[in-house]
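J.: Quick one: the structure is below, questions incoming.
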Amino acid sequence: MVKHLLFCWFWTVSAVGFTQTITHTWKAVAGSTDWNTASNWSPASVPGSGSNVLIGASNFQPRLSGNVTVNHLKLDYSAIGLNLGSYTLTLTQSLFADHSLIVSNGGKLVSPLVSRFLGCTVQGTVTLELDAGVMNGGNTFQNDLTLRVNSPIGSSFLMAWVQRDVYQGNVTLINNGQGGVHLAAYAATGSAPTTFEGNFTFINNTGSPNYLAENATAGTLLFKGAVSIEDNTTDPNSFIRILKSEFQKPVSLLSKAANISFAGAVVLKDNLSLNGQGGSFAFSQEASLSTKVIVAHPATIQVGGSGFSSGSINLDWLDYQSGSDLNLLLGDGNTHTGVLTAIKTTANAVFSGKVNLRADYMEFNGSTFQSAVSVERTGPNIGAGAYWNGGGNSSGGNTFHAPLTVINHSNTGWKWGTLATDVFNANVTLIHGRGSASKLYLAQTGHHQFKGNLTLQSTSDAVASGGIQVGHASDTTELAVGKLITGTGFLSGQIKLYRFHQRGFSTPQTLTLPQAAALTLEQAVFESSLYTTTGHLALNNSIFYRYSTFTKTAAGTDYNNGDNLFYRHCKFSNQAPAGSNLQFVAPNSVIR
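In structure tokens:
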């Protein structure tokens, strides 16, 4: 409704201007093309800064020979049109162009208001500087266009309002005003798309709402060339929302504070590069559109050449159909004391290709991954909010059909599967990283099953106070029959298997850990033989169905709750320095 009122205001201003006597009319039968020849005008004088200019049908096309300033310009069904040449035509009031021709050779047209720009053809390279108004559509720009918009606050500059436009050259669209730009704002649904044949660059320099297509009733957009969208504002309320668009060539996005989102019915057929210096990127959905954002093969999503030092990415309504690797390694890889970068996935996201992610903060909330996944976290937790669970909690419900690798450098707790069960259909590698408080908690609720091998590792800079916990008091976690749990590559830290059930009686398990490691088995069940060597050991309320051995190698006394059940022979070996002990608070039971 606001936009309709704005248009009415534009039209009213224009109407008021042109109800005045048109001071200068280009003659239907002119003597030449020279703008500065008085006899070509009626009345016979050259238009000045106070003139209203009307150009209609004529035998000669008026041509500027220098910079000119007039009041109003009306191009009314003028097939002969106007030739700017390389000069600037400045309008102090308004522009009205209806089914007319504009020719330019690097020229510029400046106006505070455009009340109509409908069905026009623009030939040659041109710059338009327009403060407010509407470009109705049906226009064809045959060569390069630079459009600078300076719309005032509370208004919107509308493009392709009722018909599609065609841009055959490169287009640079710059918003320097407080108002927003609406591209393909109200074009008829089902019509051919507004098409950009060349490269398209959109630069937003102010805090404003901007739409590339707006909703289900808006027109569609087709970008055949490379696309660059850059938001330079420091206003977090600024946004660029993209709907109903097809991108056939690479797309690059940059944000410093704003939100840039693909909001449904978008197809990306080439690489998408994200450059983050603040703000956020989202793959979301307009309520009136049911189509996800599609990344087609062989396109990928990656960090752009300017890097991603700050900002967040919400991988929500995303259908990543590409078989190419998705690489979003945010930040510099160092552990940070504050959250600079963040990534979230949701139940609406599906990934076909490999996924490699790194950020200070990450949540995985119900996504499906068809190929291998590697994720690395490098920063602290955030608080709960409208878009985040907060507290390092991934709600779960994810399905991993291929190998998963998780690396925790966060220096805090990172919990997986807090509300729903994750599905692990292939090998899983959990890596304890740097940070004295880095603790990775997998399988925090429900019944989880590892259908592949489970490998526990640590980095060379990991410390003993952090570690990995698989399972939870309210959880039952299973290792499938025939699969192995190993600690190869675990150098330092704590491992806790909580309500962990190893299935199958014929797959011996070996956990060989260094002196700097501590192993806790809490309510664990091992159906096969278990051969364990570790610096520190705690066995609490666990069951061992086959012959098992336990070797302690680190100095100190390890206290165990006891109450363990051994169905076969078992062997305990203390290879720690003298005075080191393994003590059980409660007795254990052995059944032979």
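In case it helps, mature numbering (1 follows the signal peptide of the UniProt record, and there is no 0) puts the sequence shown at residues -15 to -1, 1 to 577. Where is the CB? At the ideal position from N, CA and C, for every residue including glycine.
1. Which parts of the segment 414 to 494 are runs of the beta strand (DSSP E), unbroken and 3 residues or longer, counting only runs that do not cross its ends?
2. Going by beta carbon distance, what residues of the same chain come within less than 7 Å of S491, once the five residues before and after it are set aside?
3. What number of angstroms, rounded off, separates the C-alpha of F102 from the C-alpha of L314?
4. Name the residue from F142, N195, N121, G109 whose alpha carbon lies nearest to the alpha carbon of N155.
5. Name the DSSP bridge partner or partners of residue 641?
6. Leaving out the 5 sequence neighbours to the left and right, which residues in its chain are closer than 6 Å to residue 619 when beta-carbon positions are compared?
7. To the nearest angstrom, report how far apart A523 and R484 are at their CA atoms.
8. Output yes or no for whether 7 Å exceeds the beta carbon distance between G377 and N393.
9. From the DSSP secondary-structure annotation, give me the bridge partner or partners of Q108.
10. How should V134 be labelled, buried or exposed, when 16 other C-beta atoms within 10 angstroms of its C-beta is the threshold for buried?
11. I'd like the span of the beta strand (DSSP E) that includes R149, first residue to last.
12. Tell me whether A571 is buried or exposed, calling it buried when 16 or more other Cβ atoms sit within 10 Å of its Cβ.
13. Compute the distance between the beta-carbons of W373 and N333, then report whether it is under 7 Å.
14. Would you mind reading off the limits of the beta strand (DSSP E) that contains T331?
15. Evaluate R553 with the Cβ neighbour count: other Cβ atoms within 10 Å of its Cβ, from every protein chain shown; 16 or more gives buried, anything less gives exposed.
16. Does the separation of the CB atoms of T363 and N350 fall below 7 Å?
17. Beta-carbon within less than 8 Å of A173's beta-carbon, same chain only, minus the 5 sequence neighbours each way: which residues are those?
18. Using DSSP's beta-bridge definition, name the partner residues of Q287.
19. Measure the C-alpha to C-alpha separation of C105 and V119 and round it to an integer number of angstroms.
20. Taking the C-alpha atoms as reference points, what is the distance between S258 and A327?
21. Following the continuous beta strand (DSSP E) through S237, name the residue where it begins and the one where it ends.
22. Here's the rule: buried if 16 or more other CB atoms are within 10 angstroms of the residue's CB, otherwise exposed. What is K556?
23. Do Q442 and I416 have their C-beta atoms closer together than 7 Å?
24. Rounded to the nearest angstrom, how far is the Cβ of S237 from that of S269, given a contact under 8 Å?
25. Under the rule that 16 or more other beta-carbon atoms within 10 Å means buried, what is T542, buried or exposed?
26. List in chain order: all unbroken beta strand (DSSP E) runs of 3+ residues lying wholly within the segment 348 to 375.
27. Can you name the start and end residues of the beta strand (DSSP E) that A248 belongs to?
28. Using beta-carbon positions only, say whether L80 and L58 come within less than 7 Å of one another.
29. Consult DSSP for N566 and reduce its assignment to one of helix, strand or coil.
30. Identify the residues that DSSP records as bridge partners of R531: which are they?
31. Near Y346, which residues of its chain fall below 6 Å by C-beta distance, leaving aside the five closest residues on each side in sequence?
32. Once you ignore the five residues that flank H521 on each side, which residues in its own chain have a CB closer than 8 Å to its CB?
33. With 16 other CB atoms within 10 Å as the buried threshold, where does Q568 fall?
34. If you reduce the DSSP assignment to three classes, tell me which class N52 lands in.
35. Using C-beta distances below 6 Å, list every residue in its chain close to T(-4), excluding the 5 sequence neighbours before and after it, in chain order.
36. Is S421 near S450, with beta carbons less than 7 Å apart?
T.: Reading it off the structure:
1. Fully enclosed beta strand (DSSP E) runs of 3 or longer: 424 to 427, 431 to 435, 439 to 443, 452 to 455, 460 to 464, 478 to 483, 485 to 487.
2. S513
3. 45 Å
4. G109
5. Because residue 641 is not part of the residues shown, which for the chain are -15 to 577, the question remains open.
6. In the structure displayed, the chain extends from -15 to 577; residue 619 sits before or after that span and is not available.
7. Distance between the alpha carbons of A523 and R484 is about 14 Å.
8. Going by C-beta atoms, G377 is not nearer than 7 Å to N393.
9. V88
10. buried
11. Premise fails: R149 is in no beta strand (DSSP E) and is neither H nor E.
12. exposed
13. Between W373 and N333, the C-beta spacing is not below 7 Å.
14. 326 to 331
15. It counts as exposed.
16. Going by beta carbons, T363 and N350 fall outside the 7 Å limit.
17. V147, Q148, G204
18. Q287 pairs with S258, N312.
19. 13 Å
20. Put simply, the backbone Cα of S258 is about 16 Å away from that of A327.
21. 236 to 240
22. K556 comes out exposed.
23. yes
24. Contact flag wrong, Cβ pair sits at about 20 Å.
25. exposed
26. 358 to 362
27. Neither: A248 is in no beta strand (DSSP E) and is coded neither H nor E.
28. yes
29. strand
30. None; R531 has no bridge partner.
31. V324, A327, G364, I367
32. A502, A503, L504, K537, A539, G541, D543
33. exposed
34. coil
35. The predicted position of T(-4) is uncertain, since its pLDDT is 35 and thus under 50; a value taken from the coordinates is nonetheless stated next. So no residue of the chain qualifies.
36. yes
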